[in-house]
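A.B. asks: Pasting a structure here, questions to come.
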Amino acid sequence: MTFRTTAGAAALVTLGSLGLAATPATAAPAAAALPVTAAKAPPEPAPCAEASMVKETLPNGTTWQLCWRMDRRAGLVLEKAFVSSKRYPQPTQVLESIRVAQLNVPYDSGKTEYNDITEYGFGGVYAQDLTGDDCKGGSVREGFDGDDQPQRRKLLCVSAEASGLAYRLNAPDDQGNPTVFSKEGHDLVLRTIAKVGWYEYVTEYRLHDDGQISARLGATGDLSPSDYVNADRGWPIGKGAKDFSSNHYHSAFWRVDMNIDGKGNEKVEQYDTKHDGQGERAPKLVTTKTAITKEGTFDKVNRRWWRLVSPTSKNADDHARSYELVTGGGDRYEAHPETKPDVTFTENNACEKFATGNDDPQCATMKSILDFARDKQNLKDPVMWVRVGFHHVPRDEDQSPMPLHWQGFDLVPRDFTATNTLTPDGRGNVNGQN
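Each residue of the sequence shown is one higher than the last, beginning at 61 in the numbering used here.
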């Protein structure tokens, strides 16, 4: 039997009083990272203590404010996220909470399998103190590590990073003058690192200046030296046709609780687009909406997507505010029924914390998302469980250290604002078929 080692877990250190909120990184800023500045218009009252708050304004004027904490098993937890921009300056809540809810790691050999979140965790002794280039160009925030005897440590990296071209348009401005509108985008990036066995995991949330939220899990560290197999279940890593490092899965789950405009009670909608006969020049397509009113599990098919939509909050165009789920690559692990669905919607229940291995005594019979959804409760306050899988076939380049590989998904604002939050002067009159 193979056991995971805790060698290399971070040493615990005490870093001072509760009022110490942040420690600047000592490394010189990287070229791709930009300093963040304090937000000028935070929502009032503040949803959490200053030591647990991130409140930053990106170069394009978008302000994000949220609370963060470390959970012994889930690691980094974000809560009470608000966003505002120059064009839409009123801070508006977009998210109640988001966190990693499981990481299932079975090896193709069938000899080894881990549930890294519920068996080990991304907080406590597994959380890593940030050092070196871990937060180059950003600032390191201190917080409690979530252990049973919590220690205050340097755990969270906060940085503003250029995200590339946000938009480009060659068109007349509001006065009819020919103009090229071009803008670089920026993300507020929150990052923690955990070491579980030979792997090191980077939990990262990228809060874009257009209101999008990207949840990502990065894997690095080392290939397990005890998991080498025959050729049909691995890849040759050593010299010649030998030392076959085992293929394995990373099935990651996130628990997402939206709270659009602080009103909650979102509705879940599924959209499907299918062929609908032949048009004059091309086949026609038709898009249909299905209201998901009861708990259940759902799979991604071509041109299918979901959104959580507020029944009461509307933008300036009188359109219901919502966030759309955009799934990433999702290798499905068929061996477990819990790792098959791409997304699961359940009624909010505080004791349903983990996608599998849920052991809260208040949910004695609720061990996995399948149990959560089995009774088909009406969805009044939905929680979304997103699964993103990755089948890792090792390669020579994975030694050593292993380059980061990522898996995750996006939450994209849909009708949250009447126009682009980054709309420049000169295009403000464009709204609808002008």
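Beta carbons are placed, not taken as given, at the ideal position from N, Cα and C, and that holds for glycine.
1. Note down the Cα distance separating T477 from P285, rounded to an integer number of angstroms.
2. If I follow the unbroken alpha helix (DSSP H) through F432, where does it start and stop?
3. Quick one, which of H335, R474, T263 and D402 has its alpha-carbon nearest K374's?
4. Which of the three DSSP states is assigned to Y148 in this structure?
5. Throw me the rounded Cβ distance for the V443 and D317 pair, which I believe falls under 8 Å.
6. Please classify C217: does DSSP put it in a helix, a strand, or coil?
7. Below 7 Å between beta carbons: does that hold for S305 and G294?
8. Please look up how many angstroms separate the CB atoms of S223 and D247, rounded, as I've assumed it's under 8 Å.
9. Quick check on A93: does DSSP put it in helix, strand or coil?
10. DSSP three-state call for G174: helix, strand or coil?
11. If I'm right that D205 touches G183 with Cβ under 8 Å, what's the distance once you round it to whole angstroms?
12. Measure the CB-CB distance between D332 and T357 and report whether it falls below 7 Å.
13. Rounding to the nearest angstrom, what Cα-Cα distance links A98 and T123 in this structure?
14. Starting from Y261, trace the beta strand (DSSP E) in both directions and tell me its first and last residue.
15. Starting from V369 and walking both ways along the beta strand (DSSP E), at which residues does that stretch end?
16. Is the beta carbon of D287 sitting closer than 7 Å to the one on Y167?
17. Which of the three DSSP states is assigned to S112 in this structure?
18. Which term fits V249, buried or exposed, when burial requires 16 or more other beta carbons within 10 angstroms of its beta carbon?
19. Considering only residues of the segment 432-472, which uninterrupted beta strand (DSSP E) runs meet the minimum length of 3 residues and lie entirely inside it, listed in chain order?
20. Can you tell me whether E326 is buried or exposed, with buried defined as 16 or more other CB within 10 angstroms of its CB?
21. Using the Cβ count rule (16 or more neighbours within 10 Å means buried), how would you classify S428?
22. Which residue wins for smallest C-alpha separation from K440, given the options T117, A351, Q272 and G417?
23. Tell me which residue opens and which closes the beta strand (DSSP E) that C127 is part of.
24. Scan the segment 316-403 and note each continuous alpha helix (DSSP H) run of 4 residues or more that stays entirely inside, going in chain order.
25. Would you identify the three-state DSSP class for P421, choosing helix, strand or coil?
26. Whole angstroms are fine: how far does the CA of K196 sit from the CA of N175?
27. Helix, strand or coil: how does DSSP classify G488 here?
28. Which of helix, strand or coil does DSSP assign to A98?
29. Have a look at the DSSP bridge pairing and note the partners of T252.
30. So, helix, strand or coil for G206, using DSSP?
31. Hey, out of K344, A380 and V369, whose CA is closest to T353's CA?
32. Check each candidate in R201, A275, V143 and T404 and name the one with the smallest Cα separation from V160.
33. How many whole angstroms separate the CB atoms of K140 and L126, which I take to be in contact at a CB cut-off of 8 Å?
34. Buried or exposed, going by whether 16 or more other CB atoms sit within 10 Å of the CB of D131?
35. What first and last residue would you give for the beta strand (DSSP E) that runs through R276?
36. Below 7 Å between beta carbons: does that hold for H465 and D391?
C.D. replies: According to the structure data:
1. 51 Å
2. I429 to R434
3. R474
4. Here Y148 sits in coil by DSSP.
5. 5 Å
6. strand
7. In terms of Cβ geometry, S305 and G294 form a close pair [threshold 7 Å].
8. 5 Å
9. For A93, the predicted model reports a pLDDT of 48, less than 50, meaning its position is unreliable; a value from the coordinates is still stated below. If DSSP states are grouped into helix, strand and coil, A93 belongs with the strands.
10. The question names Gly, but residue 174 is Tyr in the sequence shown. Three-state DSSP puts Y174 in a strand.
11. Yes, they are in contact, since the Cβ atoms of D205 and G183 sit about 6 Å apart, within 8 Å.
12. Against a cut-off of 7 Å, the Cβ pair of T357 and D332 comes out as no contact.
13. Interpretation of A98 is limited by its pLDDT of 44, a score under 50 that renders its predicted location unreliable; no figure is taken from the coordinates.
14. Boundaries of the beta strand (DSSP E) harbouring Y261: Y259 to H268, taken from the DSSP string.
15. Here the beta strand (DSSP E) through V369 covers R364 to K374.
16. yes
17. Helix, per DSSP.
18. Within a 10 Å sphere around the beta-carbon of V249 sit 16 or more other beta-carbons, which makes this residue buried.
19. 442-452
20. buried
21. buried
22. A351
23. That run of the beta strand (DSSP E) goes T123 to D131.
24. Runs of the alpha helix (DSSP H) inside the segment 316-403: none found.
25. It is helical.
26. 31 Å
27. coil
28. Because A98 carries a pLDDT of 44, less than 50, the predicted location of this residue cannot be relied on, and no value is offered for it.
29. T263
30. DSSP places G206 in coil when its eight states are reduced to three.
31. V369
32. A275
33. 6 Å
34. buried
35. I273 to G281
36. no
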